[in-house]
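Chains A and B are the protein sequences, given in the same order. Residue numbers for the first sequence follow the numbering used here, beginning at -17 and rising by one. Residue numbers for the second sequence follow the numbering used here, beginning at 12 and rising by one. Quick reminder that beta carbons are idealized off the backbone N, C-alpha and C, glycines included. Here is the structure we will look at.
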Amino acid sequence: MRALIEFYNSSVGKKLIVGLTGFFLIAYLIIHLFGNLLLFRSDGGAAFDIYAELLPQVVVIRIIEVVLFLIFIFHIITAAYTWLLNKQARGSAYELQKKGETSALTSRTMLLSGSIVYIFLVLHMRQFWYVSRYEAGEHFSMYEVVRATLAEPVYSILYIIAMFLLGFHLKHGFQSAFQTFGLRDKKYASLIEWVGVIFWLLIPIGFASMPIYFLLNF
Amino acid sequence: MNFKLKIWRQYDRNSKGKFAVYNVTDISPDMSFLEMLDAVNRNLAKKSEDVIAFDHDCREGICGSCGLYIDGRAHGPQRGVTTCELRMRHFKDGGTIIVEPWHSKAFPVIKDLVVDRTAFERIIQAGGYISVDTGSAPEASSLPVPKANAEEAMDAAACIGCGACVAACKNSSAMLFMSAKVSQLALLPQGDPERKRRVQKMVETMDREGFGLCSNTYACEQECPKKISVSHIARMNREFIRAKLF
């Protein structure tokens, strides 16, 4: 236990925690996306409704929910704490600093992109998760809730922007985690970049296709 | 060539600094940045004014003494050069050049453009060495080192400790500097017996000295005059995780 606390207190340890928790979170994204693809079945949402109704009845899912929530909080708190420490370490700002010439914008704006994704997530949970758990009536259809919400241009555009920012966050986050784990060796750097495309490009596009689908009223 | 220089002036560690403007004329494009500053200082000395303090020693890019934040970049706009190797031809004639000291809590300004980099010394003192008795020069093949390892260790050993990595990092992190030493010694058989203790002590000291954490922006690699790769940071992370948890 003491070794673990010591590890967390070190700079490298904290970064490892941010990376590891981030990995759990993106692993969930894959499962979430595949489940949601049922929205595209041309059965008027019947399959999606069954899926949405079954989910909370599975004990493992309830456990994963709680674990995921804790991991998410841990990810945010640790990342915000490192940001604070980094701000202190810098001290005064330069009169002129051409950061754009030496590093990528995505790598310098992780706190900002992460914060916006977080705000989006609170809204997302309120709109779907909370409604399905606590406001579901007799003839409740999750498909209908999703369709009605995403048919609203305000929300669908917001969802698309949020997915863009998620991609932005993961563009840096994915490969950065490998660097922190000590696995981003020269040999694997390009492989990591390529696998990263799945997470920062394909998965956000997959999610964004849902608001686009309902907005265009297919 | 003519330039307008905006240079940070600060009397000592405790006083508040400010920018001063100097107009310099008749600068040869082949002059190094430090030679240009020498010219400014000669003029200041003639007028009995306080000359601009800056660190320098070998003036051939190997000692790591010089290091200025020039026009928003550590060691100026060129890649893979120290301030002393930077030539004035890379600047626009008649333009303004902003010159600042390294900015970092762990590198306090001593005077003008000179910062206190002894925090680096303390990181090295914490474990950046081999304490086993290596004796006199051994037989060439008595301690086999694979060619690739020797090359990579040599690349890491190229670090001159100038501090550009810290200066360029938005978090003022010393990870590239520290990892270069950890990586160099981890790659060689001589460094093996103390590898666990070394990495833990060096990370601990780096954190205590007030350097920031690594965000993997890789700005350090871009600004390093010796082009030291961030793959050494990955190796150091690996060493640290292994030493702490396994």
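Check	Outcome
Return yes when the Cβ of ASN160/B is within less than 7 Å of the Cβ of LEU198/B, no when it is not.	yes
Return the chain-ordered list of same chain residues with a C-beta closer than 6 Å to the C-beta of ILE121/B, the five sequence neighbours on each side being excluded.	ARG24, ASP127
Using a beta-carbon distance cut-off of less than 8 Å, what residues from the segment 104 to 134 of chain B approach chain A?	ILE109, GLU111, HIS114, SER115, LYS116, ALA117
Could you tell me which of MET42/B, PRO200/B, ILE171/B, LYS116/B sits nearest to PRO157/B, measuring between CA atoms?	PRO200/B
State yes or no: is the beta carbon of GLY83/B nearer than 7 Å to at least one beta carbon in chain A?	yes
Please name the residue in SER43/B, PHE102/B, ILE73/B whose C-alpha comes closest to that of PHE14/B.	PHE102/B
State yes or no: is the beta carbon of GLU77/A nearer than 7 Å to at least one beta carbon in chain B?	yes
Between ASN52/B and ILE63/B, how many whole angstroms is the CB-CB distance? I'm expecting something under 8 Å.	6 Å
Between VAL110/B and PHE102/A, what straight-line distance do the alpha-carbon atoms span, to the nearest angstrom?	42 Å
I'd like the span of the alpha helix (DSSP H) that includes LYS116/B, first residue to last.	It is not in any alpha helix (DSSP H) - LYS116/B carries neither H nor E in the DSSP assignment.
Taking Cβ-Cβ distances shorter than 9 Å, what residues in chain A pair up with LEU256/B?	ALA(-15), LEU(-14), PHE(-11)
What does SER123/A touch in chain B if you count any residue whose Cβ is under 8 Å from its own?	Within 8 Å Cβ-Cβ: nothing; SER123/A doesn't reach chain B, min ~44 Å.
Using DSSP with H/G/I as helix, E/B as strand and the rest coil, what is ALA137/B?	coil
Answer with buried or exposed for MET165/B, where buried requires no fewer than 16 other C-beta atoms within 10 angstroms of its C-beta.	exposed
What three-state label does DSSP hand VAL42/A in the structure shown?	helix
With distances taken between CB atoms, is the gap from GLY(-5)/A to ALA245/B smaller than 7 Å?	no
Where does the unbroken alpha helix (DSSP H) through VAL143/B begin, and where does it stop?	Run containing VAL143/B: none; DSSP gives neither H nor E here.
Note the first and the last residue of the continuous beta strand (DSSP E) segment covering TYR33/B.	29 to 35
Quick check on the DSSP output: the beta strand (DSSP E) that includes PHE14/B runs from which residue to which?	14 to 20
Looking at the unbroken alpha helix (DSSP H) that takes in ILE244/B, where does it start and where does it end?	242 to 256
With three or more beta-carbon pairs closer than 8 Å as the criterion, would you say the segment 3 to 21 of chain A touches the segment 179 to 194 of chain A?	yes
According to DSSP, is TYR195/A part of a helix, a strand, or is it coil?	helix
Opposite TYR80/B in the DSSP bridges: which residues?	ALA85/B, GLU111/B
When DSSP builds the beta bridges, which residues end up paired with ARG98/B?	SER43/B
Could you spell out where the alpha helix (DSSP H) holding GLU163/B opens and where it closes?	158 to 168
So the candidates are ALA86/A, VAL104/A, SER(-8)/A, ILE8/A; which of them puts its Cα closest to the Cα of LEU67/A?	SER(-8)/A
Strictly by DSSP, which residues pair up with VAL126/B?	VAL120/B
Answer yes or no: do LEU99/A and LEU148/A have a C-beta to C-beta separation smaller than 7 Å?	The amino acid at residue 99/A is misidentified as Leu; the sequence shows Val. Yes. Within cutoff.
By the three-class DSSP mapping on this structure, what secondary structure does PRO236/B have?	coil
Mind the definition here: the segment 133 to 143 of chain B touches the segment 40 to 49 of chain B only if three or more C-beta pairs lie below 8 Å; say whether that holds.	no
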